[in-house]
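The following block contains the structure:
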């Protein structure tokens, strides 16, 4: 063991970052989840982020756990403890450790030359040797090596062994032999560390009470749960990273909760389609026929769906689309995160179209916005996009318990019933009877009077085919007014007023965690900034008001071309010069430093001095 | 097309079906296709079939893509719900619609461009899913709306109106359907209503995906000498192998056919179709034989027509999906959500 100075700050209890460098396909995920969940169970706020390759087995993958007693959820930028389990990336991993930090590696094969730094402490544990001496079978030796290092970390960081044991007990409740070997591996690691190293380290955890009434969940699972609770009965999809786990989640929830107890039949239909074109077509067909239907996808899928999205917009058919954004353009980096589909989603398809977008900031909002998306889609008779991303969708976030109001009734929108059709003289599909620019619709099979012809070609407000300019424009203008109605129905932006200040910051979605932390850091440096978290497009009046009442507004987003800023300049009255972009598009989740640096760089010295 | 819309007043003496409706009640909007278009004859056959079946008009869903053929869903059963979607993607709209409500009748009308070029993938996958629908290809070998380009069903050597010769091999929807696992595969001719009407009824009764490829000459762009999709050519090279007669559940089979030439097939709802084999050696339940027979005849420039293959036993989309009996769009909300108590249980996994 090479021993360096203790960590730079003595006060690193419950405030540090562990990074685990693994090889994908070796079963490290369960060990890493075990570590994170143990600390979560100890009442300590944690956040896990997975940086994985677009690959099945053999490539480097990293998992980062931030332990934050203050509850910050963004990446911190530092690495206090590196678990280097991949010899291929040793050189890179050892460099990343912050001064005063620690590194743990498998010393079955000592690498003194490669793993050398004077300013960090390096722990070598012969993980492979321990496993080879204790366990049988190549596969289980590889898998259990991960549990051994979890045990080592448990001792070094003072994670309660009982908590770790009970988590293993839950995972392998029905597999006694697996449970036994896992507990054994855990204890081997734990005891090895106790014997050989000064446990616990100054960098460690201690029990808190900050995770009561909280869960650890990823956004795709939460969105899937929202789809089930919203009463979605048709899910159509084509597998694409990073959205796949949303449909996997929906399927497993339905298998548990949507099976008819008497017949064993399914109260849902999932269609794995031939491509994304068919997936959105299936959604449109199902929603047209009265089912709540959705599709999860990502950027390339949105590109393919464009023509159909235009049809749904113009023929006024509900559709719910989850865009779990990943790095573009083209195939881009499928396992990295970005917010790069804002423009394509807002104006998807040829012709004049504008779409409703929702921007969840967390798995919690993925759940609630999933439900809201179905209500909006059916109320407005139009496609609604839930603009999540890989960071929210696939990483485990600590969230307050999800709540369900049993009084909730789905808003199915203006659908005429058999009785209502019986009463009326004649049904006109695209007529604005109520003055809110939303027409009435009917479902096939209801009543002969409700029959109409749905088409993507020119149509009149009465539902007939037309090539007449005036008749065409009447419908197109009403669709524009319908978008104004949408403004009043979508979730309002959330204002975090920290003023009095003339500086504003506006952002969306998964930037939220980094923004909140950055605003705290900036406040400590005397910079007060009001924060508006936009939750939907079209932008409501509160967005206009915020832009008007601040002299400079930072727009924080995760793409190269400032797409959110473009939308603001196109769709609000704001002067372009007032909007200052802070952009992050590396594909890794945002950290607060990007925002702190961006803000400080653009504030004149004297303004900084006076505090706003 | 007829430029004068027929008045909607029906003659009191017109025959009525079991619902008390006349054929006129199954008509739709006025056709805007060219006078003499084969597609209008198919529209007439669909109207006749729906009337004979005493179908409730609002129970019919009419789906189409883009093209001359796809327009026709507006010309029949005005009391049914139509959806004219995007080019080549009608099968996915059908997939969703059928997923949502399995209890309606679904007719998809498409063309050779819509099905065999831009929509070939969706066509194949709709068949693979065995969606419970009737899918009619109005096949004329030519793109009409864009004025006369060859389609993927044009035969080698077939000539365009201006003399250009097609050199690429055709995609035959019937051969494709036999290969892709189609469970009801038929071919007909727009000029043969006797054959087409019972095929449409049988196709609608079939539990699963029923394909009828209907040769339907384009009078404007593909009815000249040298075309293999003209009225004259089709009439001369037209070979019915199995004629299907539809027998409703309540009725007895009364017609007299020679022994060994007939084959009754019981449909899912108890009705029957009686297959009259014009070639006694032909077996319409043998996929491989049907394929070889067709391929050999095609090599001799003969269009084999009739109900070429039928498999009434394969499970349809909903059987494979294990869907509940009530259409999912009618399930009460209470059955769809586990409520706040359920949520408590679900969340325990995430603590």
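Chains as they are written, first to last, in UniProt numbering: chain A, 1 to 612; chain B, 1 to 351. Where a beta carbon is used, it is the ideal one built from N, C-alpha and C, also for glycine.
- Using a CB distance cut-off of 8 angstroms, residue 175 of chain A does not count as an interface residue toward chain B.
- Positions of the beta strand (DSSP E) runs, each at least 3 residues long and wholly inside the segment 72 to 130 of chain A, are given as 81 to 84, 102 to 106, 121 to 125 in order along the chain.
- Proximity of residue 338 of chain B to chain A, defined by a Cβ-Cβ separation below 8 angstroms, is satisfied.
- Distance between residue 390 of chain A and residue 589 of chain A, taken at the CA atoms: about 9 angstroms.
- Distance from the CA of residue 273 of chain B to the CA of residue 280 of chain B, rounded to the nearest whole angstrom, comes to 17 angstroms.
- Contact residues of the segment 29 to 59 of chain B toward chain A are 57, 58, 59 (C-beta to C-beta distance below 7 angstroms).
- In this structure, residue 103 of chain A lies near residue 122 of chain A, with their beta-carbon atoms less than 8 angstroms apart.
- In the three-state reduction of the DSSP assignment, residue 325 of chain A falls in the strand class.
- In the same chain as residue 427 of chain A, and ignoring 5 residues on each side of it, the C-beta atoms closer than 6 angstroms to its own belong to 449, 450, in chain order.
- Per DSSP, residue 162 of chain B lies in no beta strand (DSSP E) segment and is marked neither H nor E.
- Shortest Cα-Cα distance from residue 75 of chain B to any of B:93, B:296, B:41, B:55 involves B:41.
- Residue pairing from DSSP places residue 107 of chain B in a beta bridge opposite B:62, B:134.
- For residue 268 of chain B, no chain A residue has a Cβ inside 9 angstroms of its Cβ, as the nearest lies near 18 angstroms away.
- Neighbours of residue 179 of chain B in chain A, taken as residues at a C-beta separation under 7 angstroms, are lacking, since the least C-beta distance is about 16 angstroms.
- Here DSSP, grouped into helix, strand and coil, assigns residue 285 of chain B to coil.
- Taken through DSSP and simplified to helix, strand or coil, residue 38 of chain A comes out as helix.
- Considering only A:592, A:33, A:59, A:587, the residue with the shortest C-alpha distance to residue 329 of chain A is A:587.
- Residue contact with chain B for residue 138 of chain A: absent (no Cβ-Cβ distance below 8 angstroms to any residue of chain B).
- Of all residues in the segment 450 to 469 of chain A, those with a C-beta nearer than 8 angstroms to a C-beta of chain B are 450, 451, 452, 453, 454, 455, 456, 457, 465, reading in chain order.
- Your pair residue 237 of chain A and residue 247 of chain A checks out as a contact, with CB atoms roughly 5 angstroms apart and the cut at 8 angstroms.
- If you compare the alpha carbons of A:13, A:312, A:160 with that of residue 350 of chain A, the shortest gap goes to A:312.
- Secondary structure note for residue 243 of chain B: it is in no alpha helix (DSSP H), and the uninterrupted beta strand (DSSP E) holding it is 238 to 247.
- DSSP, read as helix, strand or coil, puts residue 273 of chain B in strand.
- Contact with chain A is found for residue 351 of chain B, since one of that chain's Cβ atoms lies less than 8 angstroms from the residue's Cβ.
- Among the residues of the segment 206 to 228 of chain B, none has a Cβ less than 7 angstroms away from any Cβ of chain A.
- DSSP places residue 548 of chain A inside the alpha helix (DSSP H), whose first and last residues are 541 to 548.
- DSSP places residue 516 of chain A in the helix class (H, G or I) of the three-state scheme.
- In the three-state DSSP reduction, residue 430 of chain A falls in the coil class, being neither helix nor strand.
- For residue 37 of chain A, the closest alpha carbon among the candidates A:20, A:159, A:75, A:83 is that of A:159.
- Chain-ordered listing is empty here: chain A has no CB closer than 9 angstroms to the CB of residue 149 of chain B, the nearest sitting near 21 angstroms.
- Residues of chain B whose Cβ lies closer than 9 angstroms to the Cβ of residue 267 of chain A are, in chain order, 323, 324, 326, 328, 331, 335, 336.
- Around residue 233 of chain B, no beta-carbon contact reaches into chain A at under 7 angstroms, the shortest distance being about 33 angstroms.
- Neighbours of residue 229 of chain A in chain B, taken as residues at a C-beta separation under 7 angstroms, are given in chain order as 337.
- Around the beta-carbon of residue 494 of chain A, fewer than 16 other beta-carbon atoms lie within 10 Å, marking it exposed.
- Bounds of the beta strand (DSSP E) holding residue 454 of chain A are 453 to 455.
- For residue 101 of chain B, the closest Cβ of chain A is nearer than 8 angstroms.
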